[in-house]
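So the number in the working numbering is just where the residue sits in the sequence shown, counting from 1, plus 1455.
The structure appears right after this line, and notes come after that.
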Amino acid sequence: MPTPDTAIPSRAPAEVSADDTVQPFEVATLDLRGRVVRLGPAVDQILEGHNYPQPVAKLLGEAIVLGIMLGTALKFEGRFILQTKTDGPVPMLVVDFITPNKVRACARLDKDRVAAAIAAGKTDAGSLLGRGHLAMTIDQGGDMSRYQGLVALDGGTLEDAAHEYFLRSEQIPTRVRLAVAEEFRGDGGPKHRWRAGGILLQFVPRAPERARVPDLDPGDAPQGHTAHVVSEDDAWVEGRSLIETVEDIELIDPAVSSERLLYRLFHERGVRVFNAVDMTAQCSCSRDNVEGMLRSFPQTDRDDMVENGVISVTCEFCSQTYVFQPTEVADERIANSE
Ligand SMILES: [Zn+2]
């Protein structure tokens, strides 16, 4: 009997970097899977549109990469919202991902505190965010329930929060790397551009007991207390160590394609790539949505919103302003009686 041809075609990694893509991959020999996110024009459009102070833009850029990384894992149509709520100079970040490939994002900041943080040189993620939580919400629309995962932000980075989330909630050994940078050019094109990138790696063995993770820090256990030690699986230790060697520049450099990066990391073990997904920065606001939102308020609230004879609403994500005559959004009976 002839053996069926099940060989997976293999080829050299693509040399050309594809911006605004998510590249899923698998390293079957180590039971690893993950994805590489690489953003050019999409992240530039969002961050340039907001014109936040540089460290805030960088922080939001990291959140965008993380949001796309997690949102593209959804196996259904819907929305994935990543949102921080903290007590620092940047009390809120929101990334709104709509399957399969649309993303929008914004930040709220306390301008004075951000300026003070910049003056004091305390612009790392932990200092800007402060303490609070990171919420991840899956919204399938209609009557489908929203699922919310919560993880504490405790003066650390978004990477730290993502690790904590996967460790405690999903119990999947996971490593995430996020990088954002500004590109300055002098070739006649745009002089300044944002770029961002990241890689997610997860250990998903067929035998679930291999996915054990070391015990959490015993904290204030009495001295001499021996923690119950569980060693990590060798395959995961190898994968984790490789990810830790990735430099920020490799995640954002247009000269290093996602496939090149994966090849560089995993060529000894063999890495398989799946179809990449293209990302676009696109807001989902519309005049109809804003009108519906305004109609849902009590008339007294709408009266309070009238300025210079009109109600104007500016979308926090894309800065588009929608202007309404008060009668356009008034309760039917009030509109009719006028
Ligand atoms: Zn908008």
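We treat Cβ as the ideally placed atom computed from N, Cα and C, and that holds for glycine.
Secondary structure within the segment 1708-1775: the beta strand (DSSP E) runs of 3 or more consecutive residues, fully enclosed, are 1766-1769 (chain order).
In this model, Arg1563 and Met1547 are separated by some 5 Å (Cα to Cα). Remark: C-beta atoms of Ala1651 and Ile1707 approach each other more closely than 8 Å. If you draw a straight line from the Cα of Val1745 to the Cα of Glu1614, it is about 34 Å long. Here the alpha carbon of Asp1567 sits roughly 22 Å from the alpha carbon of His1588. If you check the CB distance, Leu1502 and Leu1515 come in under 8 Å. CA-CA distance, Ile1573 to Pro1510, rounds to 8 Å. Of the heavy atoms belonging to ligand 1, at least one sits nearer than 7 Å to the Cβ of Cys1773. Residue state for Gly1489 is assigned as strand, using DSSP reduced to three classes. Here DSSP, grouped into helix, strand and coil, assigns Asp1565 to coil.
Within 7 Å of the C-beta of Cys1561 there is not a single heavy atom belonging to ligand 1. As computed with DSSP, Met1547 is found in a beta bridge with Lys1540 and Arg1563. Separation of the CB atoms of Leu1633 and Glu1517 is rounded to 4 Å, and the pair is thereby assigned contact status at 8 Å. With a cut-off of 8 Å on Cβ pairs, the segment 1550-1558 is not in contact with the segment 1598-1612, counting fewer than three such pairs. Counting only runs of 4 or more residues that sit fully inside the segment 1560-1639, the alpha helix (DSSP H) segments are 1566-1574, 1580-1584 and 1613-1620, in chain order. Residue burial annotation: Thr1476 is buried, with at least 16 other C-beta atoms found within 10 angstroms of its C-beta. Around the beta carbon of Gly1725, fewer than 16 other beta carbons lie within 10 angstroms, which makes this residue exposed.
For Glu1693, the enclosing alpha helix (DSSP H) has its first and last residue at Asp1689 to Glu1699. Spanning the alpha carbons of Leu1655 and Tyr1777 requires a straight line of approximately 38 Å. Under DSSP, Arg1534 forms a beta bridge with Ile1553 and Asp1594. Exclusion of the five residues before and after Cys1773 leaves Cys1738 as the residues of its chain whose Cβ lies within less than 6 Å of its Cβ. The criterion of a C-beta distance shorter than 8 Å is not satisfied by Met1734 and Ile1593.
With contacts defined by Cβ atoms closer than 8 Å, Phe1658 and His1647 do not form a contacting pair. Annotation for Gly1694: Leu1485, Leu1487 and Leu1656 place their beta carbon closer than 6 Å to its own, counting only its chain and skipping 5 residues before and after.
Your pair Pro1508 and Val1569 checks out as a contact, with CB atoms roughly 5 Å apart and the cut at 8 Å. Gly1526 has its alpha-carbon roughly 25 Å from the corresponding atom of Asn1506. Judged by DSSP secondary structure, Leu1655 falls within the beta strand (DSSP E) whose first and last residues are His1647 to Phe1658. Cα atoms of Gln1603 and Thr1629: separation of roughly 19 Å, rounded to the nearest angstrom. Take the alpha-carbon of Gly1653 and the one of Arg1493: they are about 7 Å apart.
In the same chain as Arg1715, and ignoring 5 residues on each side of it, the C-beta atoms closer than 6 Å to its own belong to Pro1468, in chain order. In the three-state reduction of the DSSP assignment, Val1558 falls in the strand class.
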